[in-house]
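Okay, so the sequence shown: first residue is 286 according to this note's numbering, each after it adds one. C-beta: ideal position from N, C-alpha, C; glycine also. The structure appears right after this line, and notes come after that.
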Amino acid sequence: MKKRIIIGNWKMNPRTLEEAKNIYKSTKTVADKLKSVSVVMCPPFVYTSTLLNSRTETTVKIGSQDAYFEEQGSYTGEISPVMLKDLGVEYAIIGHSERRSKGETDEMISKKVALCLEVGIIPILCIGEKVRDEGGSHLDFIKDQVKNSLNKVPKKNISKLIIAYEPIWAIGAKEAMVPESIYEMSLFIKKVLSDMYGHDEGISTPILYGGSVNFRNALDIFNKGKIDGLLVGRESVNITGFVELLKTVDTI
Ligand code: PGA
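Below is the structure:
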C-alpha cells in the first residue's frame with residue numbers, strides 16, 4: 286500500500302529555535318512509529334540545518350517552504366534547490382498562495398518546479414482558486430494553473446511531483462472544504478495531468494489537500510475525499526493536535 290503523505294507547513298512559526306526543536310522532536314517520536322503515513326516537516330529556512338543535524342535515524346523528512354529558480358548567483362535573500370539538496374532537504378513547497386499573493390507568478394513557479402525536479406528536490410506544487418461560482422469557472426482556473434506551473438517540466442521528471450490542492454478560501458479558515466468536493470477536485474486535477482502527460486502519470490501523481498485541516502476533520506477528508514495526503518498549516522505547529530492527527534490517519 287502507498288503511504289499517505291502528511292506535510293507540515295510551519296509557515297513563519299515558531300518564534301525560537303528552542304520551540305522549533307521541541308515541535309520537531311515531539312512529532313518525530315510519534316511519526317517514527319507510524320505504519321501507513323510518511324511525514325514531511327517544512328520549517329522556516331533558518332531552523333533547517335539545526336533540525337537536520339539533530340537527526341538520528343528517522344523516517345521524517347525535511348522540506349523547505351520555497352526554493353529559487355536559479356542554482357546560484359546574485360539573488361539577494363534567495364535560496365537555491367542545490368543548496369537545499371546539499372543540506373539534506375528533500376522536499377520544497379512551491380507556489381504557496383501566501384507567496385503568490387506577494388507577486389509570485391505561474392512563470393516563476395514553473396521554473397522553480399522544473400529546477401527542483403532536475404536537482405532532486407521533490408516539489409510540492411500548490412494550486413487553488415480564490416473564489417468559486419455557480420458556473421464552475423474555478424475549474425478552468427485550476428486547469429490553467431496546473432498547465433502554466435508545469436510548462437517547463439518534461440514527462441521524464443513528472444513522477445516525483447506532488448500537487449497540493451489548497452482552495453485559498455479554505456486556508457486559515459474555520460472549516461475545511463467538504464470532503465466530497467475535495468474528491469471531485471482531485472479527480473479533475475488527475476484528469477488534467479493525464480491529458481498533459483498520459484494516463485499512468487496522471488493517476489500516479491499524489492494529490493494532497495490543504496486548508497484548515499485538523500485532527501478532527503482529517504479522517505473524514507481521507508475517507509470521503511480519497512486524497513493521497515494532506516498539507517497542514519496551523520495544526521502542524523500545535524504539537525498535541527498534530528500528533529493526534531498523525532495517529533488518527535495511521536488507523537485508516
Ligand atoms: P491552514 O494552512 O492549515 O492553517 O489552513 C494550510 C496552508 O496554508 O498550507
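According to the neighbour-count rule (16 or more other Cβ atoms, all chains shown, within 10 Å of its Cβ), is H381 buried or exposed?
Here residue 381 is taken as the residue at index 96 of the sequence shown, counted from 1. Answer is buried; the Cβ neighbour count reaches 16.
Buried or exposed: where does M297 fall if 16 or more other Cβ atoms within 10 Å of its Cβ makes it buried?
Numbered from 1 along the sequence shown, position 12 holds the residue referred to as residue 297. Exposed, because fewer than 16 other Cβ atoms sit within 10 Å of the Cβ of M297.
Would Q430 and I407 qualify as a contact pair, given that the criterion is a beta-carbon distance under 7 Å?
On the sequence shown, residue 430 is found 145 positions in, with the first residue counted as 1. On the sequence shown, residue 407 is found 122 positions in, with the first residue counted as 1. It is not a contact, given that the beta carbons lie outside the stated cut-off.
Reducing DSSP to helix, strand and coil, say where V324 ends up.
Here residue 324 is taken as the residue at index 39 of the sequence shown, counted from 1. Three-state result, V324: strand.
Below 8 Å, can you find three or more Cβ-Cβ pairs linking the stretch 452 to 468 to the stretch 479 to 486?
Judged by Cβ distances under 8 Å, the stretch 452 to 468 makes no contact with the stretch 479 to 486, as fewer than three pairs qualify.
Taking the alpha carbon of V331 as the point to measure from, which residue in N307, L302, D317, T536 has its own alpha carbon closest?
In the sequence shown, residue 331 corresponds to position 46, counting from 1. Closest by alpha carbon: L302.
Taking the alpha-carbon positions, what's the K445 to Y482 distance?
Position 160 of the sequence shown, counting from 1, holds the residue named residue 445. Position 197 of the sequence shown, counting from 1, holds the residue named residue 482. If you take the alpha carbons of K445 and Y482, they lie about 13 Å apart.
Alpha carbon to alpha carbon, how far is S321 from T344? Give it in angstroms, no decimals.
In the sequence shown, the residue the question calls residue 344 occupies position 59. In the sequence shown, the residue the question calls residue 321 occupies position 36. Roughly 12 Å between the two C-alpha positions.
Kindly indicate which three-state DSSP category L516 falls into: helix, strand or coil?
Translated into positions along the sequence shown, residue 516 becomes position 231. L516: strand per DSSP, three-state reduction.
Could you tell me whether the stretch 373 to 390 touches the stretch 344 to 363, using the rule of 3 or more Cβ pairs below 8 Å?
Touching, per the Cβ criterion.
I want to know whether the stretch 492 to 503 touches the stretch 388 to 399 - three or more CB-CB distances under 8 Å.
Touching, no.
Within 10 Å of its beta-carbon, does N294 have 16 or more other beta-carbons around it, so buried, or fewer, so exposed?
Against the sequence shown, residue 294 aligns to sequence position 9. Under this definition N294 is a buried residue.
Assign E419 to buried or exposed, taking buried as 16 or more other Cβ atoms, counted over all protein chains shown, within 10 Å of its Cβ.
Taking the sequence shown and counting its residues from 1, one reaches residue 419 at position 134. So E419 ends up on the exposed side.
Going by C-alpha to C-alpha distance, which of N433, E520, T533, V534 sits closest to I308?
Translated into the one-based positions of the sequence shown, residue 308 becomes position 23. Out of N433, E520, T533, V534, E520 has the C-alpha closest to the C-alpha of I308.
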